[in-house]
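Read top to bottom, the protein sequences are chains F and W. Numbering that gives the first Met the number 0 numbers the first residue of the first sequence as 0 and each following residue consecutively. Numbering that gives the first Met the number 0 numbers the first residue of the second sequence as 0 and each following residue consecutively. By construction, the Cβ of each residue, glycine as well, lies at the ideal position given by its N, Cα and C atoms. Notes follow once the structure below has been shown.
Protein chains: 2
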Amino acid sequence: MVKITIKEIANILNVSTATVSRVLNNAGGYSEETKTRVLDVLDQYNYQTNALAKGLRTNRTNSIGVVLPDMTNEYFAKIAISIEEFFVSKGYTINIYNVNEDANKEKLMMRDLDSRGVDGLIYVSGNLNTALNIYEKNIPIVAVNQLQSLDDQLPVVESDNLMGGYLATKTLLERGSKRIILLRDERDIQPINQRHHGFSKALQEFGYDSDLFVHHIPFNVERAESNVQQLIERGINFDGIFASSDLLAIGALKALHRSGIQIPDEVQVIGFDNITFSQYSYPTLSTIHQDTRALGMKAAELLLKSMECRQKKPISTMVIPVTLMERESTRCLDGKQF
Amino acid sequence: MVKITIKEIANILNVSTATVSRVLNNAGGYSEETKTRVLDVLDQYNYQTNALAKGLRTNRTNSIGVVLPDMTNEYFAKIAISIEEFFVSKGYTINIYNVNEDANKEKLMMRDLDSRGVDGLIYVSGNLNTALNIYEKNIPIVAVNQLQSLDDQLPVVESDNLMGGYLATKTLLERGSKRIILLRDERDIQPINQRHHGFSKALQEFGYDSDLFVHHIPFNVERAESNVQQLIERGINFDGIFASSDLLAIGALKALHRSGIQIPDEVQVIGFDNITFSQYSYPTLSTIHQDTRALGMKAAELLLKSMECRQKKPISTMVIPVTLMERESTRCLDGKQF
DNA sequence: AAAAGTTACGTAAACGATTACGTAACGAGA
DNA sequence: TCTCGTTACGTAATCGTTTACGTAACTTTT
Chain F
0 MVKITIKEIA NILNVSTATV SRVLNNAGGY SEETKTRVLD VLDQYNYQTN ALAKGLRTNR
60 TNSIGVVLPD MTNEYFAKIA ISIEEFFVSK GYTINIYNVN EDANKEKLMM RDLDSRGVDG
120 LIYVSGNLNT ALNIYEKNIP IVAVNQLQSL DDQLPVVESD NLMGGYLATK TLLERGSKRI
180 ILLRDERDIQ PINQRHHGFS KALQEFGYDS DLFVHHIPFN VERAESNVQQ LIERGINFDG
240 IFASSDLLAI GALKALHRSG IQIPDEVQVI GFDNITFSQY SYPTLSTIHQ DTRALGMKAA
300 ELLLKSMECR QKKPISTMVI PVTLMEREST RCLDGKQF
Chain W
0 MVKITIKEIA NILNVSTATV SRVLNNAGGY SEETKTRVLD VLDQYNYQTN ALAKGLRTNR
60 TNSIGVVLPD MTNEYFAKIA ISIEEFFVSK GYTINIYNVN EDANKEKLMM RDLDSRGVDG
120 LIYVSGNLNT ALNIYEKNIP IVAVNQLQSL DDQLPVVESD NLMGGYLATK TLLERGSKRI
180 ILLRDERDIQ PINQRHHGFS KALQEFGYDS DLFVHHIPFN VERAESNVQQ LIERGINFDG
240 IFASSDLLAI GALKALHRSG IQIPDEVQVI GFDNITFSQY SYPTLSTIHQ DTRALGMKAA
300 ELLLKSMECR QKKPISTMVI PVTLMEREST RCLDGKQF
């Protein structure tokens with residue numbers, strides 16, 4: 000079954016391609032009668048518009064690009080899904096580009112993006128320069144949880160990482176922890192730094208010397224586990240852990256559990272992200288919930304808006320609130336276990 | 000910065016667009032000298048070919064579609080990633096379509112696929128009819144772990160689900176379980192049915208009445224948990240659980256643990272998939288490893304092959320081996336704990 | 001009834017590439 | 001010298017749309 004074109008439809012009906020095109024696009028300029036005649040034949044032959052030709056002519060592809068580090072990671076996948084949900088409902092298709100911190104791949108992706116002509120771009124936790132390059136080309140773009148601070152250069156949507164770090168730490172302190180370890184991603188990236196700041200802020204507020212117990216480790220469960228294992232073996236004295244992401248927290252839980260340390264009685268643990276698995280760890284993990292759905296949706300909305308009014312929007316940054324999920328790895332406040 | 004076209008490049012050089020196009024495509028028919036002159040100007044102006052125009056003219060888009068149920072699911076995401084890896088290295092782009100068992104969305108996806116003209120399609124665990132529809136259109140397609148059996152209609156790549164189910168069950172039996180419960184996804188889909196068959200086969204081999212203890216439940220951690228909880232409360236006597244996927248197994252682990260049942264001493268548990276988290280559950284989960292990378296890669300290879308020789312390939316189905324991952328939720332064989 | 005406006009189309013150029021075909025220039029073979 | 005083959009291009013059609021512009025027919029206004 001070969002595809003039928005507008006021209007063939009027009010021939011069948013003895014009208015011009017212009018007329019067919021006009022009814023296809025609801026452009027007006029035809030009678031009710033021809034409209035129904037055209038529509039009849041269109042679906043009789045199961046006409047599908049050729050997106051390439053249309054895109055070539057109109058300079059719009061009805062597709063938007065989503066660039067992210069790794070869609071195998073539930074957190075990114077969820078953001079992507081909600082972006083997709085939003086745009087599909089508006090008649091767009093999304094193209095996902097996985098760039099695993101691979102500069103070469105990012106180059107290729109850039110060329111491809113450019114050559115295929117996406118109408119807009121959402122850049123999740125990507126590289127500053129690449130994003131700005133694209134921005135220069137005047138294709139609308141919004142960033143989500145950007146690696147570097149570029150609030151003043153691009154519209155960005157991000158979680159309230161500062162508040163999250165503060166909330167997590169405050170929770171531990173209020174529930175009796177006095178010597179808290181921050182297990183943070185070693186990379187010098189904006190969201191993690193913000194969480195760190197929140198951590199310091201809470202400690203100061205409670206009159207503690209901040210940053211005494213900060214451990215920088217790779218973004219990696221195994222390393223979190225072995226790191227905490229070492230702390231235990233060296234007899235370091237601590238009674239709380241704030242991990243800058245659930246993955247790290249889960250590594251910590253495992254090390255603690257293996258060493259027979261009671262959670263939360265001896266050591267409380269709190270994570271960040273609220274990945275699905277945090278409900279199924281042992282014990283279940285208290286954590287700061289990131290609203291991935293809102294992150295994706297808001298980014299998509301912002302992008303659509305800046306696509307509609309073609310000139311560059313005044314840069315706006317939008318902060319999505321985070322919330323505390325209390326589970327078994329921290330004490331109950333009213334239980335007064337401390 | 001506006002995009003430059005072949006025509007403009009040609010004007011600058013005082014050659015024809017044909018010549019520029021020829022050097023762009025290494026088509027021959029130009030002197031070494033003009034070749035270098037053209038290439039110089041091309042990258043001086045940072046020329047990017049317009050994929051739409053090229054696609055319109057050549058009828059090839061250098062893009063392939065990947066249809067899957069939910070990329071939020073690590074299992075599907077991993078398959079998609081390895082497909083992407085393969086095709087990106089060949090100069091293709093992939094378009095991912097998430098169709099959450101939503102027939103309407105699948106329709107939309109179909110139209111889009113058709114209209115954008117992908118060169119090939121990989122269909123992961125999708126709906127039979129849709130896949131066949133596309134196949135009818137003569138666009139090359141291969142299926143991965145297909146929901147229904149259609150080995151005779153489409154090329155398909157799948158895990159050795161039968162062997163996996165057999166292996167899992169045999170492992171439990173060899174390590175002393177005598178009353179094994181199968182916790183299976185309630186949907187009547189091919190891979191799950193195969194695992195079930197493997198289960199039955201192992202039981203028969205060991206002289207047990209098969210299928211005495213089969214529980215059909217939704218694909219959902221919570222339901223697995225509550226289901227096992229009920230079994231325990233009703234005093235059902237069992238000493239082993241084979242879950243048709245890790246997600247279900249993890250729910251089971253939680254219920255058992257909460258009830259104070261010792262794993263693996265009182266009840267052994269084995270899952271299927273080997274998701275990342277199965278290494279971090281408590282206890283760590285023994286499981287059947289699906290080689291998602293091989294699934295994706297092989298599917299991609301097969302597709303590329305059938306794209307290259309344009310006529311329909313003889314239908315081939317390829318089975319990817321599975322392997323046993325022994326962890327804490329089953330007994331050690333040499334430990335002779337039974 | 002002439003002028004003006006409206007409706008419902010058709011014509012043809014354009015979007016940016018590829019490619020079949022034509023052709024000028026050149027060298028070789030007879 | 002004539003012919004033939006080869007090389008290195010150029011010309012123009014083509015892919016499937018959209019859309020500015022033209023126009024015939026009809027309606028309304030004056």
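Asked, Found
"F/ASN24 - DSSP class collapsed to helix/strand/coil", "coil"
"Partner residues on chain F for W/MET162, Cβ-Cβ distance less than 7 Å", "Correct list: empty, because the minimum Cβ distance to chain F is about 26 Å."
"C-beta atoms of F/GLY342 and F/LEU284 nearer than 7 Å", "Look at the range of chain F in this structure, 0 to 337, and you will see that residue 342 of chain F is not part of it."
"Under the three-state DSSP convention, the category F/GLY64 falls into", "strand"
"Test: W/ASP54 CB closer than 7 Å to a CB of chain F", "Before going further, note that residue 54 of chain W is Gly rather than Asp in the sequence given. At least one chain F Cβ lies under 7 Å of W/GLY54."
"Touch test, the stretch 20-37 of chain W against the stretch 297-306 of chain F, Cβ-Cβ under 8 Å, three pairs minimum", "no"
"Which listed residue (W/GLU221, W/ARG174 and W/TYR165) has its alpha carbon closest to that of W/SER199", "W/TYR165"
"Partner residues on chain W for F/ALA76, Cβ-Cβ distance less than 7 Å", "MET70, THR71 and ALA76"
"Neighbour flag for F/ARG115 against chain W, beta carbons, 7 Å", "yes"
"Residue-level contact to chain F via CB, W/LEU120, 7 Å cutoff", "no"
"Partner residues on chain F for W/ARG110, Cβ-Cβ distance less than 7 Å", "GLN47"
"Inter-residue CB distance, F/ASP245 and F/ILE274 (contact presumed, cutoff 8 Å)", "5 Å"
"Enclosing beta strand (DSSP E) for W/TYR122 [first to last residue]", "119-123"
"Test: F/THR57 CB closer than 7 Å to a CB of chain W", "no"
"Alpha-carbon spacing of F/PHE237 relative to F/PRO190, whole angstroms", "25 Å"
"Under 7 Å between C-beta atoms of F/GLY250 and F/ALA223", "yes"
"Helix, strand or coil at W/ASP238 according to DSSP, with G and I counted as helix", "coil"
"Residues of its chain near F/MET317, where Cβ-Cβ distance is below 6 Å and the 5 sequence neighbours each way are ignored", "VAL156 and LYS297"
"Interface partners of F/VAL220 on chain W, CB under 7 Å", "TYR279"
"Distance between W/HIS195 and F/ASP290 (C-alpha atoms, nearest Å)", "38 Å"
"Residues bridged to F/TYR96 [DSSP beta-bridge criterion]", "F/VAL66"
"7 Å Cβ cutoff met for W/ILE287 and W/ALA167", "yes"
"Interface flag, F/ASN103 vs chain W, CB-CB below 7 Å", "no"
"Contact with chain F by W/LEU202, beta-carbon distance below 7 Å", "no"
"Residue environment, W/LEU332, which counts as buried when at least 16 other CB atoms sit within 10 Å", "exposed"
"Segments assigned alpha helix (DSSP H), at least 4 residues, entirely inside the stretch 192-255 of chain W", "220-232"
"Own chain partners of W/GLY163 with C-beta closer than 7 Å, once the 5 adjacent residues on each side are dropped", "ARG194, GLY197, PHE271, ILE287 and VAL321"
"Contact test: F/TYR46 Cβ vs the ligand GDP heavy atom, cutoff 6 Å", "Here there are no bound small molecules, and the ligand GDP is not part of this structure."
"Proximal residues of chain W, C-beta to C-beta of F/LEU181 below 9 Å", "Going along chain W, no residue has its Cβ under 9 Å from F/LEU181, so there is no contact; the nearest lies around 21 Å."
"For F/THR71, three-class secondary structure by DSSP", "coil"
"W/ALA142 classed as buried or exposed, judged by whether at least 16 other C-beta atoms fall within 10 angstroms", "buried"
"Residue span of the beta strand (DSSP E) that contains W/GLN261, given as start and end", "Where W/GLN261 is concerned, there is no enclosing beta strand (DSSP E), given that its DSSP letter is neither H nor E."
"Start and end residues, alpha helix (DSSP H) containing W/GLU185", "No alpha helix (DSSP H) holds W/GLU185; DSSP gives it neither H nor E."
"Rounded Cβ spacing between W/MET70 and F/ILE80 (contact assumed at less than 8 Å)", "7 Å"
"Local conformation of F/GLN47 per DSSP, three classes", "coil"
"Backbone secondary structure at F/VAL321 - three-state DSSP", "coil"
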